[in-house]
Each structure stands twice: as structure tokens, then as C-alpha cells.
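Reviewing the structure listed below.
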Amino acid sequence: MTENLLEVTGLEKHFPITRGIIFRRKIGAVRAVDGIDLAVQPGETLGLVGESGCGKTTTGRLVTRLIEPTAGRVVFDGRDITHVSAGRMRPMRREIQMIFQDPYSSLNPRHTVGAIVGAPFRVQNIKTPQGRKKAVQELLELVGLSPEHYNRYPHEFSGGQRQRIGIARALALRPKMVVADEPVSALDVSIQAQVVNLLDDLQKELGLTYLVIAHDLSVVRHISDRVAVMYLGKIVEVAPRDDLYSRPLHPYTLALLSAVPVPDPARRDAAQRERILLVGDVPSPIDPPSGCRFRTRCWKAQEICAQQEPPLETPALDEVTAGHRVACHFPITPEERTGRGAQQAREAAAAVGEADD
Amino acid sequence: MVIGPEPVAGDTTTLVAEETTAPPGAAKAIEGRSLWRIAWIRLKRDKIALAGGVVVIFLILGAVFAPFIVALLGHPPNEFHQNLIDINLGTPIGKFGGISKDFLFGLEPGSGRDLFSRIVYGSRISLLIAFLATAMSMVIGTVMGVISGYFGGWIDAFIGRLMDVFLAFPLLLFSLALVGVIPDRAFGLSGVSLRIAMLVFIIGFFSWPYIGRIIRGQTLSLREREFVDAARSLGARGPYIVVRELLPNLVAPILIYTTLLIPTNILFEAALSFLGVGIPAPTASWGAMLTEASHGLYQVDPFYMIFPGLAIFVTVLAFNLFGDGLRDALDPRAR
Ligand SMILES: Nc1ncnc2c1ncn2[C@@H]1O[C@H](COP(=O)(O)OP(=O)(O)OP(=O)(O)O)[C@@H](O)[C@H]1O
Ligand code: SF4
Ligand SMILES: [Mg+2]
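Just so you know, the sequences run in chain order A and B.
Just so you know, we're using the working numbering here: the first sequence kicks off at 8 and counts up by one.
Just so you know, we're using the working numbering here: the second sequence kicks off at 204 and counts up by one.
Below is the structure:
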């Protein structure tokens, strides 16, 4: 076991909801991230998956210290950066960089590609031996763009190309770690694979460590070594990739997996029928459910689920490997992963909440 | 990877070939087409705005080269030609207020001064005051708007209220009162230049909230864009973000609303001159000419009122048309 490059413990971010303009009163908080633990080893890729609004971006912005945590600890490369000041964080920013979700708003429309990709050198005041322009052109080539694009503006590029520009900018300072926030969500499906492959190649070439955020399990499958599943500000399951995809333990993970798009058109209809459709909306992060946060949509929920919050731990089951942890009182059993079991799960999931009506 | 057709592992080169197909038309242009260039192409198609722009340029040239123009086409603005005035009526001899090839816009009743020269010289006062006042509003408005939008919170709330106060200020009454108390010389200035300074100050200092509000709104929305986060994640400090990331995106709205504020300020200056708060006689100004004409003279000599009125109208219209066209060309929503 090597030292972790990034280690997050009990991380919380509560956005206060205030009333009044000059005299602010706090009337509540959005619990965007509510006590999560993560560890990423050097050279590894951790996938972080969850539905829209579950706190993925907030997590990314916390570990890159764009925002300050409400509670918990962020340790990067052996240094505690939880509350480090902007000035002290500055030199460390060379080592942890971010790729942003929206390729349309993450590039300044008034800057040329050269200015955008060269900004890291300018901001960090780094001398490039070969000259800044040459350095930028090398980066453009690295991400598969033509060096001749140097003087072009972002609006002249497609979404995929823009995302490559964002990747080039993130790599300019040769960071150890890159946090990629839904790097392909905004792109055409046909281009998603290309960008994911580029990230994969760059990791091998530059020995990068990734935290890759995505909202469905298919995107991170290819590049992740381990995957963490997030629901409403909490990590509900984390496991080595193959364990998670073949033996999901959390009902939410099982539902997400059943929704993974199937590439083979012949099987698509069948897959649609096998999908576990969750009933109801994601509860509000302002007032999350007691106990297990998934209980309002879980077909396995029992009384204890409302009373006790299940800890994230490795259950004492034969089939479960060491690094596989789940926060559930009643993890998915092997029977439930069979055809018949899945059928029952589907029906049960669809029936959740009917008793209340 | 299960999304889409599985590409051959690591074939970044082939996909570049397919993905880098540049947008149509840009194929040979290696030099990027900046948003300014695109706006200019759009503006060129807008004939009405261009016409406004051409008139604006002529007006500015006219004001700058007033002495030459007058030397060529008229008489000194304060030269009396009472021999051309009907002694009994006080109106210019001849039709249409005495228009002739010597006096293109006719003569001023009573004194017989050349109206053309006075209109040309009057444009200097109008444009000078409007430009300086607008520049002052632009600077104050931009600084306050950026501060308000960038910092938010109580600073924003405070500046917001301040703008309300300025907009609600009874400005006309204030300027009338100010003229009563202003000394003959102050701040090392006297006479006409003191009046100009005072008008610039009154107009400029009270119209900045128009620009301030717009810049605040724009800053507020720009601040949330991911490129600001991207700059911060590189370690950029506040001044860098404001100057390098926000300001380039604010130049367009600043330009648009500055252009649109100029005609408002021209009208304001004319109104103040009309009320007698403006530039003292005998310096020519459009507003003061209208005042003179309004003292009953327009009934006997309507041309005395028509020319300064027309001058104000054409100038305001030209600036508005140009400003509107500029907005259409630069408007980010059209993109
Ligand atoms: N600055 C903020 N102030 C208040 N609430 C916020 C802020 N940023 C995020 N939130 C809230 O925190 C929650 C989590 O947001 P976050 O952006 O982290 O979600 P996400 O998982 O990235 O979603 P998506 O897939 O849509 O990007 C949301 O309910 C969001 O409304
Ligand atoms: S703890 Fe209970 S409610 Fe939560 S996922 Fe497990 S079974 Fe469902
Ligand atoms: Mg997000």
C-alpha cells in the first residue's frame, strides 16, 4: 500500500441559505457534500459517479480548493490543504488541476487558444525554455489539436475540441493530479469515447492521477481503477472497478448499473425492460431523509433504515473483496443479481411509495 | 468503454483528422476570427447603423474643424450683420430667415449673426460636454458596476442603494440651485470653461448608475462562468481575474451603453442650457439658441428655432441609431 496522493476525510460543504441583504440571517443550508471519505493513490483513477445535484462538482471544487470545506480534511501529497490560504495554495495549484464540465463556459470567449492554454505559465510566472508559444503549441499537439490553432478563438471549435483545449490548459503545469468534472457529459456520444481515450492515453504518457466525475457508470468504466458512487452528498459504495460492475452491493448502484446504455442494438430492448426504474425524485439536500438517504426510493428499506445511518464499511460476506465498501443495512445478495432476483427488484422498486398513496 | 462505436485504442491521430475539420469558411484563415471581427462584419450589413455612424463621424469632424469650416462657408460666429436685419421687425431680410449662399442657415434675428457658424460652433459645446460627461459616467459606472458585481454581498447592496439615490436625485433643481451659488472662478477655471466643467460634472456624476447597473449585471453573470473558476484554479488573483478575464468581456457592453448614453447627455445639456444653466452668452450653444427662439421670436422667424432644433434632433438620432446597431452587432444573445 503506497501513500495516498489525495486523502479526504469527513469532508462537508454546507452552502448557507440566507435572507436579507445587509443583515443576513441564516435560515438553512444546502448540504451539498455531507461527510465523505475518499482516497486516491498515485497513478490511479478514481471514478466518482452520481445523479445530477448529488454534490460531485462541489466535491471536485473542494479538493482543488476552489471553495473552502465546512468540515473535514483534505490532504494532498502529504500536505493538509483544508483551510490553506489562497496565497499558500498558489504554488500547490501546479500539482492539482481541474477539467471543467461545460466546454462552452470554461473557455473565455475573448481569448485566443494561445492565451487560454498559455495562461497557466503567465499566472504561475513560469519560464518556458522553448518560449511560451512553442510550449503552448506542444501542448496542443499533445491533446490532438493542430499547433496552427494557436490564434483561433474558442467559438471556432466544436465541443470536443474545446474540451481538448481545456485539457491542454489543465496539463500545462504538469500536475500530478487532475480532477475531471464530467469531462464528456456535454459532448456528443460519438465524441465522448475519443475524449475519454485521450484522457487514458495522457495518463499513461504523463503518469497522471485522476479523479474522474461522471453522472453515469458507463463513462468511467473504461478508465477507472476504482469507482465511488455518490447519492445526496454521501458516498454509498466504493469498490475496485470490476467488483463494482460485477457485484454491486448497494441497491442504488444496482439501479444505476441497470440504466447503463447497451451498445448492442439487438439487446437494447431487452436491456430497457431489465432496467430498474427508481420511483420519485431525489430528495432535497436542504432537508435530507433521516438514516439512509436512499430509503425514500429503496425497495429494500426497512424500519432500521430510517433510524440508523448505515456506515460505509466492508460487509462480512464471502464474495466481497477487501476494498469493497458499502453503506447499506441490507446489501444486495447474489440471488438478487440473478435474472429472477432482478425481476423482483424491478417490481419492488416500481412499487416503492405506492403504500403511501 | 461502452459508449458509442469503440474506436481503436489510442487512435488520437485519426480522430483528430475527423474532429479538427474547421468550421466552414475558416478553413484557410489561420488567424482566428475574433468576436470583434464578427461584430464588425455584422455591423457592416446594418445600413441604418452605418448611416448613423457616418453622421456621427461628420458631426465630430465638424466640431473639431469648426474654425476651418466657418472660415470657408460662413462668418465668425459673433460677428454682427445688422445691415441685413429689418430694422422695424428685427427679423432677417429675405425669405426663410435670410437663407442665402452667404448665410447657409440664415441669420439670427436682432443681431444678424451667422446661424450656420453658430450651429457649427454650438456642436463643439454639445459634443464636448456630452463626451466628457459620458466618459466620466463610464469610468465611475464601470468601476462601481464591477466592484458591485464581483464582490457581491453587502458591497453590492450598498452600491445598489447608492445608485437608487443618484437616479432619484432632483437633478434639474440641483443644477439650477448650483448656478446661483457658483462663483465666477473656481478650481483655477473661470467663465466658459468653468461652466463646461460644472455641466460635465453635473451630468457625468449623476448618470453613471445607468452604466453601473448594466455592468453590475454582466459582471454578476460572468463571475459564475467556469472560465473564472479555471483562472482561479491556476492560482490567479482577484486583479488578474477582473482585468484579464472579466474586462475583455465587458468592453462590448461598455461601448454599447456609452454610445447610447451620449445622446441622452446631449439632450440633458441642451435642457440645462435651455433653462439658462448652460454656457453663458455670447458663446454659441444649441440649447441657448432654442431659449432665445422660444422668447416669441419663433413666431416671426421659425427658422431661428428650426436649425438648432434640427441639429439636436439629427445628432441624437444618429448616436441612437449607431448605438442600437452596435448593440445588435455585439449582443452576445445573438451568438
Ligand atoms: N454555490 C452554491 N450555493 C448554493 N448551493 C449550491 C452551490 N453550489 C452547488 N449548490 C447546490 O449543491 C448541490 C450539489 O451541487 P453540485 O453542483 O455539486 O452537483 P453535481 O453533482 O455536480 O450536479 P450536476 O451533475 O448537475 O453537475 C445542488 O443541490 C446545488 O444546488
Ligand atoms: S440502508 Fe436500507 S434504505 Fe438504505 S439502501 Fe440499504 S436497504 Fe435501502
Ligand atoms: Mg456538476
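The C-beta atom is built at its ideal place from N, Cα and C for all residues, glycine as well.
Using a C-beta cut-off of 8 Å, the segment 178-185 of chain A makes contact with the segment 213-225 of chain A, since at least three inter-stretch Cβ pairs fall below that distance. Excluding residues up to 5 positions away in sequence, 298, 299 lie with their Cβ nearer than 7 Å to the Cβ of residue 316/A in the same chain.
Contiguous beta strand (DSSP E) elements confined to the segment 211-268 of chain A occur at 216-221, 233-238, 241-247, taking only those with 3 or more residues.
If you check the C-beta of residue 170/A against ligand 3, you find no heavy atom less than 6 Å away.
Against residue 429/B, the close residues of chain A are 107, 108, 109, 112, 113, in the order they occur along the chain (beta-carbon pairs closer than 8 Å). When DSSP states are grouped into helix, strand and coil, residue 372/B belongs to the coil group.
Chain-ordered, the chain A residues with CB closer than 7 Å to the CB of residue 438/B read 97, 100, 130, 131.
Here residue 123/A really is in contact with residue 172/A; their C-beta atoms are around 6 Å apart, less than 8 Å. With contacts defined as CB atoms closer than 7 Å, residue 335/A and residue 222/A fail to qualify as a contacting pair. Between residue 280/B and residue 507/B, the gap from beta carbon to beta carbon reaches 7 Å or more. In the DSSP annotation of this structure, the continuous segment of the beta strand (DSSP E) that includes residue 24/A starts and ends at 13-26.
According to DSSP, residue 184/A shares a beta bridge with 103/A, 216/A. Within chain B, not a single residue places a beta-carbon under 7 Å from that of residue 247/A; the smallest gap is close to 18 Å. DSSP places residue 426/B inside the alpha helix (DSSP H), whose first and last residues are 394-426. Relative to ligand 1, the beta carbon of residue 222/A is positioned inside 6 Å of a heavy atom.
The contact set of residue 367/B on chain A, defined by CB atoms closer than 8 Å, is empty, because the minimum CB distance reaches about 13 Å. Interface criterion met: the Cβ of residue 73/A is under 7 Å from a Cβ in chain B. Taking C-beta separations shorter than 7 Å and ignoring five residues to either side along the sequence, the partners of residue 78/A in its chain run 17, 19, following chain order. Relative to ligand 1, the beta carbon of residue 62/A is positioned inside 6 Å of a heavy atom. Around the C-beta of residue 156/A, 16 or more other C-beta atoms lie within 10 Å, and the residue is accordingly described as buried. Within the segment 301-330 of chain A, the complete alpha helix (DSSP H) segments of 4 residues or longer fall at 310-314, listed in chain order. Residue 432/B has a beta carbon lying within less than 7 Å of a beta carbon in chain A. Straight-line measurement puts the Cα of residue 523/B at about 37 Å from the Cα of residue 434/B. Listed by position along chain B, the residues whose Cβ is nearer than 9 Å to that of residue 176/A are 433, 437.
Note: residue 83/A is bridge-paired with 13/A, 86/A in the DSSP secondary-structure output.
When DSSP reads this structure, residue 33/A sits in a beta bridge with 25/A.
Distance from the CA of residue 470/B to the CA of residue 321/B, rounded to the nearest whole angstrom, comes to 18 Å. For residue 341/A, no CB of chain B lies under 7 Å from its own CB, so it is not counted at the interface with that chain. Judged by DSSP in its simplified three-state form, residue 322/B adopts helix.
Residue pairing from DSSP places residue 53/A in a beta bridge opposite 218/A, 233/A. Taking the CA atoms as reference points, residue 323/A sits about 11 Å from residue 331/A. Each residue's CA atom was taken as its position, placing residue 370/B and residue 363/B some 11 Å apart. Take residue 355/A, set aside five residues on each side of it, and the residues of its chain with a beta-carbon closer than 8 Å to its own are 306, 307, in chain order. Membership of residue 495/B in the alpha helix (DSSP H) is indicated by the continuous run 489-495. One Cα belongs to residue 396/B, the other to residue 137/A, and the distance between them is close to 57 Å. The beta carbon of residue 35/A is closer than 7 Å to those of 24, 293 in its chain, skipping five residues each way along the sequence.
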